[in-house]
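Read the structure below first, then the notes.
Protein chains in written order, with our numbering: chain A, 1 to 157; chain B, 1001 to 1314.
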């Protein structure tokens, strides 16, 4: 009889109360990785690189990750040329995030807070923004601008 | 008094039914252990204790699991468990496959999916303890003795030259075995997140179509609207020689297309994966999608979507 009851309660338990899943499996936006603040491109206009399409991405030494975006002129050029000689005025934007372990996948690192946003116009200027909200960091860095202009596009057939 | 008699009657009836149930006791085979997983002792110990009852040929059941009807359920779990992962034979597979299974194992444990929740409800102390989890994670964080050879840069170069020369001319791509179509426009969608996967040495971008972006902007991400599509692109990691990692050769693109009616039998999503720069549909038949669904199952509460989207991509 005891055995039978044990078996019966096993069945009841099997059909009913299972342990609750952890919080991580419920829907969540990655809010901390959003860019905040208006990126003023120059006196006349502003451009949010995250409204662009992807050219490529990379991981920097020291635990940050970058996605390079472009406007239509930049993306169309990057996907058909290897020389980085973008048409004048094409806009590229590099968003660099600190990394965090993916709470849903041990083995993955995903964006955490934004570390910097850089915007380059081909044949024009370079601007860098940091902080939250993002604020312009003064200075022109030609070398860095060239580096960004010469990242080749990631293959997307 | 009648109440008493009724109870006794019910008791006897249950006893008889219960006893009769024991008559049907199909055998649980124990095939030989041919190639056990190759891991250090402290890791194997944990797998033995927590997982071997369902994922090995050395199943040991406590006495109460040997009683029907519990036995019937456990037996079916064991048979299904062995079919998915068998630590008694997996040693015959390449080291990378064994490691991949362990990464998936750690993730299923962390997300509360393994051991099976319905099993833990009964076997209260059968779960992996926090200390044991640390041991498993630590083992996987330590690089293997022979690190993976870096992806050949020359192959990535050829692939790139070929791709830019095609100048956006679409190639003929077959639909997946389950009929899910390839959508070449994925590359023009906005990215909603990116991943550096150090478990399998890849880089990923996750794209969402306009319907996905709108749902993100509205915060309606618990049940993605029909028409939502996610694309995930993976490239091999290519070290830049200065401590950084760039996107190397294109590896594959995967799609999840939401249509709660059309794809009702596959959790509301149409699953597809196309590999290599010729975008060959993955798998041998439509059963490939079981792989997708079972690995995305732990995030069923998030409508089977792993990515936590970053808003503001419009």
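Each residue gets a CB set at the ideal place from its N, CA and C atoms; glycine is no exception.
>> Just to make sure I have the definition right: I need the residues of chain A whose C-beta is within less than 8 Å of the C-beta of residue 1115(B). Which are they?
In response: Here the premise fails: no neighbours, minimum Cβ distance about 10 Å.
>> Less than 8 Å between the C-beta atoms of residue 36(A) and residue 125(A), yes or no?
In response: no
> Touch check for the segment 1222-1236 of chain B and the segment 1244-1254 of chain B: three-plus C-beta pairs under 8 Å?
Replying inline: yes
> Looking at residue 1173(B) and residue 1272(B), is the spacing between their C-beta atoms short of 8 Å?
Replying inline: no
>> Could you pull the DSSP bridge partners for residue 130(A) from this structure?
In response: 116(A), 135(A)
>> Please list, in chain order, the residues of the segment 47-73 of chain A that have any C-beta partner in chain B closer than 7 Å.
In response: 50, 51, 53, 54, 56, 57, 58, 59, 60, 61, 65, 67
> residue 1239(B) lies in the beta strand (DSSP E); which residues open and close that run?
Replying inline: 1229-1239
> Of the residues that make up the segment 1074-1096 of chain B, which ones have a beta carbon closer than 7 Å to any beta carbon in chain A?
Replying inline: none
> How about residue 106(A): is its C-beta nearer than 8 Å to some C-beta of chain B?
Replying inline: yes
> Between residue 30(A) and residue 1310(B), which are expected to be in contact by the criterion C-beta below 8 Å, what is the C-beta distance as a whole number of angstroms?
Replying inline: 5 Å
> What is the rounded straight-line gap between the Cα of residue 1009(B) and the Cα of residue 1022(B)?
Replying inline: 20 Å
> From residue 1222(B) to residue 27(A), what distance separates their C-alpha atoms?
Replying inline: 6 Å
> Among residues of its own chain, excluding the 5 on either side of residue 90(A), which ones have a beta-carbon nearer than 8 Å to its beta-carbon?
Replying inline: 70, 71, 73, 74, 77, 121, 122
> Identify the residues that DSSP records as bridge partners of residue 1254(B): which are they?
Replying inline: 1232(B), 1273(B)
>> Please tell me whether residue 14(A) has its Cβ less than 8 Å away from any Cβ of chain B.
In response: Reliability of the predicted coordinates at residue 14(A) is poor, the pLDDT of 49 falling under 50, and the value obtained from them is presented with this limitation in mind. So, interface residue.
> Just to check, is the beta-carbon of residue 1274(B) closer than 7 Å to a non-hydrogen atom of the ligand PLP?
Replying inline: The model depicted lacks the ligand PLP and carries no ligand whatsoever.
> If you draw a straight line from the alpha carbon of residue 1083(B) to that of residue 1039(B), how long is it in whole angstroms?
Replying inline: 21 Å
>> So for residue 90(A), helix, strand or coil by DSSP?
In response: coil
> Once you ignore the five residues that flank residue 1087(B) on each side, which residues in its own chain have a CB closer than 8 Å to its CB?
Replying inline: 1036, 1037, 1047, 1051, 1052, 1055, 1056
> Whole-angstrom Cβ separation of residue 119(A) and residue 93(A), contact assumed at under 8 Å?
Replying inline: 5 Å
> What in chain A is Cβ-close to residue 1159(B), meaning under 7 Å?
Replying inline: 155
> Going by other Cβ atoms of all chains shown within 10 Å of its Cβ, with 16 needed for buried, is residue 1129(B) buried or exposed?
Replying inline: exposed
> Which residues in the same chain have their Cβ closer than 6 Å to the Cβ of residue 1296(B), if we skip the five residues on either side of it in sequence?
Replying inline: 1304
>> Counting only beta-carbon separations shorter than 8 Å, does residue 1182(B) have a partner in chain A?
In response: no
> Which chain B residues are close to residue 79(A), counting only those with a beta carbon under 9 Å from its beta carbon?
Replying inline: 1163, 1164, 1167, 1168, 1187
> Assuming residue 1274(B) contacts residue 1253(B) under a Cβ cut-off of 8 Å, what Cβ separation, rounded to an integer in Å, is found between them?
Replying inline: 5 Å
> Leaving out five residues before and five after residue 59(A) in sequence, what residues of the same chain have Cβ atoms less than 7 Å from its Cβ?
Replying inline: 65
>> Quick check: residue 973(B) and residue 1258(B), are their CB atoms within less than 8 Å of each other?
In response: Within the shown structure, residues of chain B are numbered from 1001 to 1314, placing residue 973(B) beyond reach of any answer.
> Cβ of residue 1194(B) within 8 Å of Cβ of residue 111(A)?
Replying inline: yes
> Shorter than 8 Å from the beta carbon of residue 1138(B) to some beta carbon of chain A?
Replying inline: no
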